[in-house]
């Protein structure tokens, strides 16, 4: 290989296509919005009847194009998974973000993983603590941090990674470049994030 | 004329005016107005001077043309062949129809009654040839018995011959006022003096020359039926049957440059029970290879019972879909065109098409009204520039929830929300938002709101507001 493969945060984000991933914590929706902005392609967001707090598209516009988001209102948690599987398998959207409100069984997780592989799209489950599936490629924990200056500051921790190391980063949103900027690696990893490997 | 009167009845003289060049002129008028000495083409100012009580409406020639086409379609019950004749006439071919109504006279009576019930005045002429019928209708009314066309035409004025005024006026100046005068003249001299049109018009009216009607085309019907000699029950067989119907249907749609939006596949079982598979598409479509797989889910859910012996496929919703140039595209780089629409359709059959939505920006400073959620199949996505916001907005927005904090305008140092305690680290604000009083929104009964962004020591950045007119703190959203 002539080019060095990305390491640190650049290696972990955005997560791999053709896989399903999970994100939990109070900043999960922001993680999904940032991911949708990075992909810059149509994204389907599947929501159960009583899921997370309703999204505010004008606020999302800071991180992604709200017009690229399609919202599917599923009538129950099982339909959320069925819709997500169908959308992942079709490959018509770059990513399917779905809110999981009851524990994902191994079968369900595996089916979603296979569907993502078939459609080469990215599945992202917004889960609550303990609802994850062993089939997920990575699992993130996202939470906002109090920022010393007036800006966003998040701690994104990779708590599970099937094809790499786990790590944790403190990040902030750069409004000028419309990118995520690593402030500091917050421990858990082998070295400073973004350092040339 | 009657179309305008039907929409708004007027007593007394009434006219429609149309602007032509510098002056408005009378386009059409009622008999009551004609009795006052008004005529078509008269300047409106002159007409008003002659008849001060005249009621005038603007004319709408395009609407009249639409109405005439609709009338022609409606008259399909009297004749299968209805043709338009100029801006204000219709020609009906009575061949082989009259006996269904008990003869030509009864047919005419029935037609006249139907028209008057619809509030339409009409002048009817009936004859062996279109030209003669036109002549009778335009010079009073009349019926020419079969074979008596020449006798019926003879007393009519030459203007009844569908000739331009440039031809009829010289004829009248020479004293040739009636068609009988023309018939008496040697044809060769007539042709030399007035050109061939007069002779041709005469021959057409008398039936010596054929005249073709151009009936309006039958509107295309997007429905097909397949009846089977033996009932079928397997899903593959029904799908094959649907495929046999779908291909000619899509050919018809392509010929009409249209695409189906709603499709209904009716499966009739041998016991006469019917099962309908409805398909609502996210975008108009006429590609059978794309539509057919979308039926699979509905057909699988259908109960075939003892077998299905008839399939009916109808495009109940049809929208224009012009042909587009095929784009050349590197294979495999992007999902094929329409993949997203197909996905929306497939998900729509599962959870309902109206449950696949997208957000649109809206013009309002009230946060909850600053965007709209609309079915994705009905509205195209908004451009990204439409989402520009003047001030930072939270990423989540929920119905205001009370916050346990002292009811003072200054942001609270400590507060409780959703059973959790928060300590304020930084407060940014206030941003005052006033209710849209002209809408009278229930949730804004509290009056003005002073919005604060509260950064808490534990991380969450909340959007709280204080209502000075009814003191209290509420949470409405969360920032990233």
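Protein chains in written order, with the UniProt record's numbering: chain A, 1 to 197; chain B, 1 to 480. Glycine is no exception: its CB is placed at the ideal position from the N, C-alpha and C atoms.
Continuous beta strand (DSSP E) stretch holding residue i: start and end
{"i": "residue 154 of chain A", "result": "154-161"}
{"i": "residue 141 of chain A", "result": "138-144"}
{"i": "residue 237 of chain A", "result": "This structure leaves residue 237 of chain A out entirely; chain A is present only between 1 and 197."}
{"i": "residue 24 of chain A", "result": "20-24"}
{"i": "residue 62 of chain A", "result": "Residue 62 of chain A -> no beta strand (DSSP E), and no H or E assigned at all."}
{"i": "residue 416 of chain B", "result": "414-417"}
{"i": "residue 149 of chain B", "result": "Segment 149-153 is the alpha helix (DSSP H) holding residue 149 of chain B; no beta strand (DSSP E) there."}
{"i": "residue 371 of chain B", "result": "371-375"}
{"i": "residue 422 of chain B", "result": "420-433"}
{"i": "residue 276 of chain B", "result": "274-285"}
{"i": "residue 401 of chain B", "result": "396-402"}
Through-space distance from residue j to residue i, alpha-carbon basis
{"i": "residue 384 of chain B", "j": "residue 66 of chain A", "result": "7 Å"}
{"i": "residue 148 of chain A", "j": "residue 103 of chain A", "result": "37 Å"}
{"i": "residue 262 of chain B", "j": "residue 96 of chain A", "result": "27 Å"}
{"i": "residue 84 of chain A", "j": "residue 466 of chain B", "result": "40 Å"}
{"i": "residue 62 of chain A", "j": "residue 117 of chain A", "result": "30 Å"}
{"i": "residue 81 of chain A", "j": "residue 108 of chain A", "result": "8 Å"}
{"i": "residue 149 of chain B", "j": "residue 206 of chain B", "result": "6 Å"}
{"i": "residue 131 of chain B", "j": "residue 81 of chain B", "result": "16 Å"}
{"i": "residue 9 of chain A", "j": "residue 144 of chain A", "result": "17 Å"}
{"i": "residue 121 of chain A", "j": "residue 113 of chain A", "result": "10 Å"}
{"i": "residue 132 of chain A", "j": "residue 54 of chain A", "result": "22 Å"}
{"i": "residue 105 of chain A", "j": "residue 408 of chain B", "result": "49 Å"}
{"i": "residue 374 of chain B", "j": "residue 304 of chain B", "result": "36 Å"}
{"i": "residue 110 of chain B", "j": "residue 352 of chain B", "result": "48 Å"}
{"i": "residue 64 of chain B", "j": "residue 28 of chain B", "result": "12 Å"}
{"i": "residue 377 of chain B", "j": "residue 30 of chain B", "result": "48 Å"}
{"i": "residue 184 of chain B", "j": "residue 156 of chain B", "result": "14 Å"}
{"i": "residue 138 of chain B", "j": "residue 192 of chain B", "result": "27 Å"}
{"i": "residue 275 of chain B", "j": "residue 266 of chain B", "result": "6 Å"}
{"i": "residue 88 of chain A", "j": "residue 20 of chain A", "result": "9 Å"}
{"i": "residue 177 of chain B", "j": "residue 201 of chain B", "result": "15 Å"}
{"i": "residue 178 of chain A", "j": "residue 457 of chain B", "result": "26 Å"}
{"i": "residue 423 of chain B", "j": "residue 406 of chain B", "result": "13 Å"}
Other residues of its chain near residue i: CB distance less than 6 Å, five sequence neighbours each side excluded
{"i": "residue 386 of chain B", "result": "361"}
{"i": "residue 161 of chain B", "result": "201"}
Contacts around residue i, its chain only, beta-carbon distance under 8 Å, and the 5 residues preceding and following it disregarded
{"i": "residue 555 of chain B", "result": "There is simply no residue 555 of chain B to check, as chain B begins at 1 and stops at 480 in what is shown."}
{"i": "residue 128 of chain A", "result": "24, 100, 101"}
{"i": "residue 477 of chain B", "result": "367, 393, 394, 395, 396, 397, 398, 462, 463"}
{"i": "residue 195 of chain B", "result": "167"}
{"i": "residue 79 of chain B", "result": "92, 93, 94, 97"}
{"i": "residue 69 of chain B", "result": "84, 216"}
{"i": "residue 432 of chain B", "result": "448, 449, 450, 451"}
{"i": "residue 55 of chain B", "result": "10, 12, 13, 14, 15"}
{"i": "residue 129 of chain B", "result": "149, 204, 205, 206, 207, 211"}
{"i": "residue 257 of chain B", "result": "320, 321, 322, 323"}
Rounded Cβ spacing between residue i and residue j (contact assumed at less than 8 Å)
{"i": "residue 98 of chain A", "j": "residue 30 of chain A", "result": "At roughly 16 Å, the Cβ-Cβ gap does not stay under 8 Å, so residue 98 of chain A and residue 30 of chain A are not in contact."}
{"i": "residue 214 of chain B", "j": "residue 32 of chain B", "result": "With 8 Å as the limit, residue 214 of chain B and residue 32 of chain B do not qualify as a contact, their Cβ atoms being about 35 Å apart."}
{"i": "residue 198 of chain B", "j": "residue 190 of chain B", "result": "6 Å"}
{"i": "residue 124 of chain B", "j": "residue 112 of chain B", "result": "6 Å"}
{"i": "residue 198 of chain A", "j": "residue 42 of chain A", "result": "Because chain A spans 1 through 197 in this model, residue 198 of chain A falls outside it and cannot be assessed."}
{"i": "residue 183 of chain A", "j": "residue 153 of chain A", "result": "7 Å"}
{"i": "residue 411 of chain B", "j": "residue 356 of chain B", "result": "About 40 Å separates the two Cβ atoms, so there is no contact after all."}
{"i": "residue 133 of chain B", "j": "residue 126 of chain B", "result": "6 Å"}
{"i": "residue 202 of chain A", "j": "residue 32 of chain A", "result": "Because chain A is modelled from 1 through 197, residue 202 of chain A falls outside the range shown and cannot be assessed."}
{"i": "residue 26 of chain B", "j": "residue 44 of chain B", "result": "6 Å"}
{"i": "residue 142 of chain A", "j": "residue 28 of chain A", "result": "6 Å"}
Cβ-based neighbour list, residue i, same chain, cut-off 7 Å, excluding 5 preceding and 5 following
{"i": "residue 245 of chain B", "result": "224, 226, 311, 313"}
{"i": "residue 151 of chain B", "result": "none"}
{"i": "residue 146 of chain B", "result": "128"}
{"i": "residue 482 of chain B", "result": "Given that chain B is displayed from residue 1 to residue 480, the structure contains no residue 482 of chain B and the question cannot be resolved."}
{"i": "residue 69 of chain A", "result": "36, 43, 45"}
N- and C-terminal bounds of the alpha helix (DSSP H) containing residue i
{"i": "residue 89 of chain A", "result": "77-90"}
{"i": "residue 71 of chain B", "result": "61-74"}
{"i": "residue 202 of chain B", "result": "196-206"}
{"i": "residue 171 of chain B", "result": "165-173"}
{"i": "residue 45 of chain A", "result": "Counting along the chain, residue 45 of chain A falls outside any alpha helix (DSSP H), though it belongs to the beta strand (DSSP E) covering 43-47."}
{"i": "residue 52 of chain A", "result": "From DSSP, residue 52 of chain A is part of no alpha helix (DSSP H); its letter is neither H nor E."}
{"i": "residue 31 of chain A", "result": "28-39"}
Where residue i meets chain D, residues with beta-carbon distance less than 7 Å
{"i": "residue 396 of chain B", "result": "Checking the listed chains, one finds no chain D in this structure; the protein chains it contains are A and B."}
The stretch 231-243 of chain B touching the stretch 292-301 of chain B, judged by at least three CB pairs closer than 8 Å:
yes
Below 8 Å, how does it come out for the stretch 273-287 of chain B and the stretch 337-349 of chain B: are there three or more Cβ pairs, yes or no?
yes
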